[in-house]
């Protein structure tokens, strides 16, 4: 059993981006998540008749709180200070779904895409949790970045999937 | 400015389920998430050529770690001890996607659905984070419960959306 | 500079209670906190006119979430699994105050007093946070244990300060 | 079952303050909490005879650590970096109480009131935890902001309740 | 660019041990860490003259608190409830070092080795933090498991490195 | 039972350093940890034959994630935002050990020594956790600061223990 050693670190190398020399600039990121459910569940959410309580408010708080802790969840995500986190919920009767749009802002050396995506995802998961006793088959769809601005890479906007024609 | 007061707690009432008198039984929950991406990104993940490093391993660790902390994210979710968390990743060439299947187990008074869903979601978000510099337009789809067993409500299995025909 | 050494650990000794040999029994703890405010603030909370949003629901969620994480805050508190956490809010017109009563349950080897107290405290702090832009002078009063049951020490109930004559 | 949908987000709307465009300035916040106890408990704390160990040091550490994590507890509180957190404990023989005064500083776009209040509260809760085996009836009183400075709203100081005449 | 896909999950496969079917038994784990320092630093710790304050008490609290959160730090570590955590500090004049011995107990399906090791490590790191302004060159040595009992694998005790002849 | 009270806070005084008036400057800290093991364990890690999976990648992720949360573990450590965290692993055949070198960067008012040390320590503990079923006797050695730069105290470099002759 002999072998010669070198850095094992070549394959499977995990690398956090070094943002030390980047400037603090205002960054905004917007993300989407859609919770698909049956008609009755949507109705109960709207009428605030879900047994566990106010679904939208709970989901909103959960999403905002998760946004602040994104770097604890996503391994290579930098820990940053958010200056704003907002989540909007749109009930879509035609599609039996709730559309979740999160907007996160910061003045940091890196963008807040993961924070926006995490906010939308955890808000969606919370809707699931609040309603799962009446509808286990809910599906969370289309978690994606809608838009980002700030930083060197500038403005980016999703074109094919706008929040209106999902 | 006079008014009569009663419990404000009637509307918007948030209610955690009381599981004090439930039995500890073995619970299993399985959840799905699918990350849709362009062909090139999938190829780079497969060939381990993504700059940030080994995408699948990082996503798996992130998902397992998130499962253990689900109750910190989901407001009305009980804090429970997991006895197992496993995440499987299947690369689907035809669909340009990665399918994530999480399985979580515990011996508790409540099920582990939220833990399984959180594991799959955070694994998916981590894939996004690892690859976002090459592909911002990735979309996370079909986060849903696949199966659960244990507890009073017994066995439940999703029928319309199996992991094979997503 | 010579000295003889022995265990430095004699003075200032921190000691976590060893509960290894205790039985799991059902434990209930009830705690109180009162937020004293001016009349206008109370009115705005009641009418849901506070700019930051639904004060009571946010405070309730914050309190429940904090209860689950009590052992991260209180150094010698054991980490336990809660089976229930509930917080009630009573608006007291005569005293210009909101009374917060938390009830926490578990089946563990130790009681949930600290969890109930933490739930009430964080709910109270959240009320402060939601309303501080309109009233910085709010005061949180009478955080205390109201009642506990379960465990070897049995049932205990506060007598001099009932939640009715605070 | 037909209904027309609009943003459900109108009522119960939770709103984090957007501080993106605010300046970083030096902020100081001072808060108070008072733990009322029986004479014997106070004596034991002073003489370091409490079984669980050094009450004041433990409470101080707990308070400082909690201050750093305030934004994880208070839903709409921004995550900020503290530059200082200090907690002072004054034993009041005449009132059989311990007065806790926390001072928190930062250079951020928002104040540190919630951090100071959380530090004082968790320090007080820790005193309760350390002594609850000898005195369950302790009460935490007068958690309030004493003073704040920095930011657009400038200097604020509580007048009616100074730490000397509580 | 064609390739055939199969489970990518073969190499680099991360696997949490499945403990679902294991019994809850009493587990004890003991771990060691040694902080090597210069004579003057040790003296200041002993005489409680370190500027940041009581080093041993702070290290002890930090170690106990870290033990409770081990599963948040170590990716494949199960989240378990500890029934006891104790840390002892021995000042060794001859070796200019502080010996840290942690003991952790639980009644779970898995052992508490990682909790004991984490407790000792974080206690040692805290000693470093408290004294680093006077001595940056301190070294933490010999973090290792001393003993474990409980569970299927039974009793294990380190023989070559006892805490007496380190 | 009479006594006169003054600030109890004199002895055992815990003091966080006040960094409010310090400048944000680029800070770099480098730390070391060495995991000593038997030959067979080292071989299995190298060949990726450890049952729990890819040891090095898991340890690296754990270390990076822990670095971001250092201030939650170390009581008097300021919470800061890291701009980079990197961990290198060198397999040393001759010494049957793995050398872990962490590098952490930030632009803050205080250095990142504790973050670098925590990253190296948690990476080492994770290696232990991944391999403990095959080798309980592993020892973590020589956790220490290798180098730091930035801030008023300027550049510091360990001389007696370089990473090459450990």
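Chains as they are written, first to last, in my numbering: chain U, 75 to 240; chain Z, 75 to 240; chain P, 75 to 240; chain Y, 75 to 240; chain L, 75 to 240; chain F, 75 to 240. Think of the CB as a built atom: it goes at the ideal place given N, C-alpha and C, for glycine as much as any other residue.
Neighbour list for residue 160 of chain Z in chain L, Cβ cutoff strictly below 7 Å:
Indexing the second chain from 1 puts residue 160 of chain Z at position 86. Chain L residues near residue 160 of chain Z: 90.
Mind pulling the chain L residues with CB within less than 8 Å of residue 156 of chain Z?
One-based indexing of the second chain puts residue 156 of chain Z at position 82. Correct list: 152, 153.
Check this for me: beta carbons of residue 99 of chain F and residue 224 of chain F, under 7 Å apart or not?
Indexing the sixth chain from 1 puts residue 99 of chain F at position 25. Indexing the sixth chain from 1 puts residue 224 of chain F at position 150. Yes, they are a contact pair.
Closer than 7 Å to chain P by CB, residue 96 of chain Y:
Here residue 96 of chain Y refers to the residue found at position 22 when the fourth chain is read from its first residue. So, not an interface residue.
So residue 146 of chain F contacts chain Y; which residues on that side make the cut at Cβ distance below 8 Å?
Reading the sixth chain from its first residue, position 72 is the one you call residue 146 of chain F. Those are 139, 142, 143, listed as they occur along chain Y.
Name the DSSP beta bridge partners of residue 214 of chain F, please?
Here residue 214 of chain F corresponds to residue number 140 of the sixth chain, with the count starting at 1. Paired residue(s): L/217, F/109.
Check each residue of the stretch 161-189 of chain Z: if its Cβ is closer than 8 Å to any Cβ of chain P, include it; give the result in chain order.
182, 183
Would you mind working out which of L/228, L/214, L/231, L/222 sits nearest residue 105 of chain F, comparing C-alpha positions?
Position 31 of the sixth chain, counted from the first residue, corresponds to residue 105 of chain F. The residue with the shortest Cα to Cα distance from residue 105 of chain F is L/214.
What residue range is occupied by the uninterrupted alpha helix (DSSP H) comprising residue 205 of chain P?
Looking up residue 205 of chain P in the third chain gives position 131. Per DSSP, residue 205 of chain P belongs to the alpha helix (DSSP H) from 187-205.
Residue 204 of chain Y beta carbon less than 7 Å from that of residue 126 of chain Y
Locating residue 126 of chain Y in the fourth chain gives position 52, where the first residue counts as 1. Locating residue 204 of chain Y in the fourth chain gives position 130, where the first residue counts as 1. A contact, by the Cβ cut-off of 7 Å.
Cβ of residue 209 of chain Z within 7 Å of any chain U Cβ:
The residue given as residue 209 of chain Z occupies position 135 in the second chain. It does not; no Cβ of chain U falls within 7 Å.
Which whole runs of the alpha helix (DSSP H) in the stretch 109-141 of chain Z are 4 residues long or more, in chain order?
113-120
C-beta atoms of residue 141 of chain U and residue 189 of chain U nearer than 7 Å
In the first chain, the residue the question calls residue 141 of chain U occupies position 67. In the first chain, the residue the question calls residue 189 of chain U occupies position 115. Cβ distance < 7 Å, so residue 141 of chain U and residue 189 of chain U count as in contact.
Along chain L, which residues have their Cβ under 7 Å away from the Cβ of residue 195 of chain F?
For the purposes of this step, residue 195 of chain F is taken as residue 121 along the sixth chain, with counting starting at 1. Within 7 Å Cβ-Cβ: 195, 199.
Backbone secondary structure at residue 162 of chain Z - three-state DSSP
Indexing the second chain from 1 puts residue 162 of chain Z at position 88. Reduced to three states, the DSSP call for residue 162 of chain Z is strand.
In chain Z, which residues lie less than 8 Å from residue 132 of chain F when you measure between Cβ atoms?
As a first step, residue 132 of chain F must be located in the sixth chain, where it is residue number 58. Ordered by position in chain Z, the residues that pass the 8 Å Cβ test against residue 132 of chain F are 131, 135.
Please say whether residue 101 of chain Z and residue 228 of chain Z have beta carbons closer to each other than 7 Å?
By one-based count along the second chain, residue 228 of chain Z stands at place 154. By one-based count along the second chain, residue 101 of chain Z stands at place 27. No; because the gap between Cβ atoms is not below 7 Å, this pair is not in contact.
Less than 7 Å between CB atoms is the rule here; does residue 112 of chain L satisfy it with respect to chain F?
Indexing the fifth chain from 1 puts residue 112 of chain L at position 38. Taking Cβ atoms only, chain F never reaches closer than 7 Å to residue 112 of chain L, which makes this a no.
Would you list the residues sitting across from residue 179 of chain L in a DSSP beta bridge?
Position 105 of the fifth chain, counted from the start, is the residue given in the question as residue 179 of chain L. Its beta-bridge partners are L/102, L/158.
Please return the same chain residues whose Cβ sits closer than 7 Å to the Cβ of residue 113 of chain P, not counting the five positions on each side in sequence.
On the third chain, residue 113 of chain P is found 39 positions in, with the first residue counted as 1. 170, listed in sequence order.
Using the DSSP secondary-structure output, state which residues sit across from residue 173 of chain Z in a beta bridge.
Along the second chain, read from residue 1 onward, the residue named residue 173 of chain Z stands at position 99. Partner(s): Z/108, Z/164.
Cβ neighbour criterion (16 or more within 10 Å) applied to residue 226 of chain Z:
Here residue 226 of chain Z refers to the residue found at position 152 when the second chain is read from its first residue. Residue 226 of chain Z is exposed by the Cβ-count criterion.
Could you please give the first and the last residue of the uninterrupted alpha helix (DSSP H) stretch that includes residue 147 of chain F?
Here residue 147 of chain F is taken as the residue at index 73 of the sixth chain, counted from 1. Note, residue 147 of chain F: alpha helix (DSSP H), 144-147.
Would the beta-carbon of residue 135 of chain U fall within 7 Å of that of residue 201 of chain P?
Here residue 135 of chain U refers to the residue found at position 61 when the first chain is read from its first residue. Here residue 201 of chain P refers to the residue found at position 127 when the third chain is read from its first residue. No, the Cβ-Cβ distance between residue 135 of chain U and residue 201 of chain P is not below 7 Å.
Which chain Y residues are close to residue 100 of chain U, counting only those with a beta carbon under 7 Å from its beta carbon?
Here residue 100 of chain U refers to the residue found at position 26 of the first chain. The contacting residues are 94.
What's the gap between the Cα of residue 174 of chain P and the Cα of residue 129 of chain F?
As a first step, residue 174 of chain P is located in the third chain; it is residue number 100 there, counting from the start. As a first step, residue 129 of chain F is located in the sixth chain; it is residue number 55 there, counting from the start. Between residue 174 of chain P and residue 129 of chain F, the C-alpha separation is close to 48 Å.
What residues match up with residue 222 of chain Z in a beta bridge as DSSP calls it?
Residue 222 of chain Z sits at position 148 when you count from the first residue of the second chain. Note: residue 222 of chain Z sits in a beta bridge opposite Z/103, Z/230.
Short check: CB of residue 155 of chain P to CB of residue 87 of chain Z, under 7 Å?
One-based indexing of the third chain puts residue 155 of chain P at position 81. One-based indexing of the second chain puts residue 87 of chain Z at position 13. No, Cβ-Cβ distance for residue 155 of chain P and residue 87 of chain Z is not below 7 Å.
Using the three-state DSSP reduction, which class does residue 91 of chain Y fall into: helix, strand or coil?
Here residue 91 of chain Y refers to the residue found at position 17 of the fourth chain. Reduced to three states, the DSSP call for residue 91 of chain Y is coil.
Excluding five sequence neighbours on each side, which residues of the same chain lie with their C-beta closer than 8 Å to the C-beta of residue 209 of chain L?
One-based indexing of the fifth chain puts residue 209 of chain L at position 135. Counting only Cβ-Cβ distances below 8 Å, and skipping sequence neighbours, we find 111, 112, 114, 115.
Once the 5 residues before and after residue 158 of chain Y are set aside, which same chain residues still bring their CB inside 6 Å of it?
Within the fourth chain, the letter at position 84 stands for residue 158 of chain Y. So the list reads 179, once near-sequence residues are dropped.
Is the shortest distance between the beta-carbon of residue 327 of chain U and the beta-carbons of chain P less than 7 Å?
What the structure shows of chain U is the stretch from 75 to 240, and residue 327 of chain U is not part of that stretch, so it cannot be assessed.
Work out the CA separation of residue 176 of chain U and residue 161 of chain U for me, nearest whole Å.
As a working note, residue 161 of chain U is residue 87 in the first chain. As a working note, residue 176 of chain U is residue 102 in the first chain. Distance between the alpha carbons of residue 161 of chain U and residue 176 of chain U: 4 Å.
Residue 222 of chain Y versus residue 89 of chain Y - alpha carbon distance
Here residue 222 of chain Y refers to the residue found at position 148 of the fourth chain. Here residue 89 of chain Y refers to the residue found at position 15 of the fourth chain. Cα to Cα, residue 222 of chain Y sits roughly 23 Å from residue 89 of chain Y.
Going by beta carbon distance, what residues of the same chain come within less than 8 Å of residue 97 of chain U, once the five residues before and after it are set aside?
Counted from its first residue, the first chain places residue 97 of chain U at position 23. Cβ neighbours of residue 97 of chain U beyond the five flanking positions: 183.
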